[in-house]
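Residue numbers (the numbering used here): 144 to 245. Only one structure is covered here, and it is reproduced in the block below.
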């Protein structure tokens, strides 16, 4: 439910024209999300199935990424769906590498 709320909050602002798909911060979004997802999935891997651990890692990283975008928006910046897309890609890669679900 919270990711949906965060996504809807982001729809109220227009993206910045300087926000490029291959901007300098996109690698940071990818890497931080991959690390968060991998760390959470790895911690849950021993107690739950691989796919549950991967899902938890992915969800955790996306929640952190959405919270960061919400914070940026409330500090005078804009919500970046491109940043959140890179967060999602990083979270997917990190969770999969740590939990080996597929």
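C-beta: ideal position from N, C-alpha, C; glycine also.
In its own chain, which residues sit with a C-beta less than 6 Å from the C-beta of residue 176, not counting the 5 before and 5 after it?
-> 204, 208, 230, 233, 234
Please confirm whether any heavy atom of the ligand SAM lies closer than 8 Å to the CB of residue 219.
-> Because no ligand of any kind appears in the structure shown, any question about the ligand SAM cannot be addressed here.
Pairwise C-alpha distance: residue 184 and residue 243 | 10 Å
Extent of the continuous alpha helix (DSSP H) run through residue 194 = 193-217
At which residues does the alpha helix (DSSP H) containing residue 167 begin and terminate?
-> Neither: residue 167 is in no alpha helix (DSSP H) and is coded neither H nor E.
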